[in-house]
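The next block holds one structure in the form of structure tokens; read it before the comments.
In the working numbering, the protein residues as written are 4 to 282.
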């Protein structure tokens, strides 16, 4: 190796170390909201948003909620989490034409028309999700709730594995954090332990109904909030004290539980937790 070659090699090595150091500093400098264990919440994805609830967090639709509405909620001292589907193609969304026909497979659910599972291995799908995270940041969302991030355990039409899902969900978490956004892990109960370090909170649907709440201790033990929604009619009517028992169990577990209408349109709401007093 000549003297000139050695000098060039040392210079390149120094530049590489400097670049890596700057990347680390940028990652450390990026901050995002980290909700506490006692954070209260409201979840509404359809209809005119009811802002009257004494909830610390409002979880609303990324596409359908305007910047004006988000700013109004934040002016009231609330944090805003923006919902979007990261695992399904929805044929009514504004960016629907960005997807390729090879990106989506089998229908998500017969009850949900116009939705198909996505191939989370697709580079195109991932780029679309990055654009959605950019939208969340530009609209002023404090955090995001990517839905349908457990495709590997469903019939998607793609050979998705648990490893694919872990990789994708970590990708979403890191991308959200790099944009200064908090992120909630939606369902995906079989990967809670592996994914908890990457997520700031968790949101489940019907963990009590399906006896899946126990695994969320990996979040609550770290002081991270767990939000749960139950839909069964017995909780609305409190038949045989079903709602009383639900709330007692969920409060003991530190899981902030709401009984809601399945449509998430604010036609029914019962909070198991006492509302936070706003000052």
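All residues carry an ideal CB built from backbone N, CA and C; glycine is no exception.
If we count the other Cβ atoms within 10 Å of its Cβ and call it buried at 16 or more, is residue i buried or exposed?
{"i": "residue 265", "result": "exposed"}
{"i": "residue 149", "result": "buried"}
{"i": "residue 90", "result": "buried"}
{"i": "residue 233", "result": "buried"}
{"i": "residue 88", "result": "buried"}
{"i": "residue 24", "result": "Model confidence at residue 24 stands at a pLDDT of 36, short of 50, so the residue's coordinates are unreliable; what they give is reported in the following sentence. With fewer than 16 Cβ atoms within 10 Å of its Cβ, residue 24 is classed as exposed."}
{"i": "residue 94", "result": "exposed"}
{"i": "residue 4", "result": "Because residue 4 sits at a pLDDT of 48, beneath the cut-off of 50, its placement in the model cannot be relied upon, and the following sentence gives the value as read from the coordinates. Burial call: exposed."}
{"i": "residue 128", "result": "buried"}
{"i": "residue 44", "result": "buried"}
{"i": "residue 30", "result": "For residue 30, the predicted structure reports a pLDDT of 42, less than 50, and the residue's modelled location is therefore unreliable. A value from the coordinates is still provided. Residue 30 should be labelled exposed."}
{"i": "residue 92", "result": "buried"}
{"i": "residue 80", "result": "exposed"}
Could you check whether residue j and residue i sit closer than 9 Å to each other, using their CB atoms as the reference points?
{"i": "residue 42", "j": "residue 59", "result": "yes"}
{"i": "residue 77", "j": "residue 203", "result": "no"}
{"i": "residue 209", "j": "residue 169", "result": "no"}
{"i": "residue 35", "j": "residue 167", "result": "no"}
{"i": "residue 229", "j": "residue 206", "result": "yes"}
{"i": "residue 297", "j": "residue 271", "result": "With the chain covering only 4 through 282, there is no way to say anything about residue 297."}
{"i": "residue 131", "j": "residue 101", "result": "yes"}
{"i": "residue 231", "j": "residue 254", "result": "no"}
{"i": "residue 256", "j": "residue 223", "result": "yes"}
{"i": "residue 242", "j": "residue 236", "result": "yes"}
{"i": "residue 196", "j": "residue 221", "result": "yes"}
Looking at the unbroken beta strand (DSSP E) that takes in residue i, where does it start and where does it end?
{"i": "residue 69", "result": "Here residue 69 belongs to no beta strand (DSSP E), and DSSP marks it neither H nor E."}
{"i": "residue 315", "result": "Outside the modelled stretch of the chain, which goes from 4 to 282, sits residue 315, for which no answer is possible."}
{"i": "residue 171", "result": "Where residue 171 is concerned, there is no enclosing beta strand (DSSP E), although the alpha helix (DSSP H) it sits in stretches over 165-181."}
{"i": "residue 274", "result": "272-274"}
{"i": "residue 214", "result": "Residue 214 -> no beta strand (DSSP E), and no H or E assigned at all."}
{"i": "residue 222", "result": "Where residue 222 is concerned, there is no enclosing beta strand (DSSP E), although the alpha helix (DSSP H) it sits in stretches over 220-223."}
{"i": "residue 88", "result": "82-88"}
{"i": "residue 107", "result": "107-112"}
{"i": "residue 206", "result": "204-208"}
{"i": "residue 38", "result": "Where residue 38 is concerned, there is no enclosing beta strand (DSSP E), given that its DSSP letter is neither H nor E."}
{"i": "residue 232", "result": "229-233"}
{"i": "residue 265", "result": "Run containing residue 265: none; DSSP gives neither H nor E here."}
Throw me the rounded Cβ distance for the residue i and residue j pair, which I believe falls under 8 Å.
{"i": "residue 184", "j": "residue 47", "result": "Actually they are not in contact, since the Cβ atoms of residue 184 and residue 47 sit about 20 Å apart, beyond 8 Å."}
{"i": "residue 108", "j": "residue 159", "result": "5 Å"}
{"i": "residue 275", "j": "residue 249", "result": "7 Å"}
{"i": "residue 125", "j": "residue 106", "result": "5 Å"}
{"i": "residue 83", "j": "residue 73", "result": "5 Å"}
{"i": "residue 182", "j": "residue 145", "result": "11 Å between Cβ atoms; not a contact."}
{"i": "residue 152", "j": "residue 189", "result": "6 Å"}
Along the alpha helix (DSSP H) that carries residue i, what are the first and last residues, could you check?
{"i": "residue 135", "result": "126-142"}
{"i": "residue 188", "result": "No alpha helix (DSSP H) holds residue 188; the beta strand (DSSP E) holding it covers 185-189."}
{"i": "residue 238", "result": "236-240"}
{"i": "residue 198", "result": "195-198"}
Just tell me which of the options has its CA closest to the CA of residue i.
{"i": "residue 49", "options": "39, 61, 254, 273", "result": "61"}
{"i": "residue 186", "options": "224, 147, 263", "result": "147"}
{"i": "residue 40", "options": "98, 219, 241", "result": "219"}
{"i": "residue 3", "options": "201, 196, 276", "result": "No answer is possible for residue 3: the residues shown for the chain start at 4 and end at 282."}
{"i": "residue 119", "options": "53, 104, 126", "result": "104"}
{"i": "residue 173", "options": "190, 162, 198", "result": "198"}
{"i": "residue 63", "options": "56, 171, 86, 51", "result": "86"}
{"i": "residue 277", "options": "56, 33, 51", "result": "56"}
{"i": "residue 97", "options": "188, 65, 227", "result": "65"}
{"i": "residue 140", "options": "92, 70, 243, 115", "result": "70"}
{"i": "residue 122", "options": "235, 162, 227", "result": "162"}
{"i": "residue 112", "options": "154, 225, 54, 262", "result": "154"}
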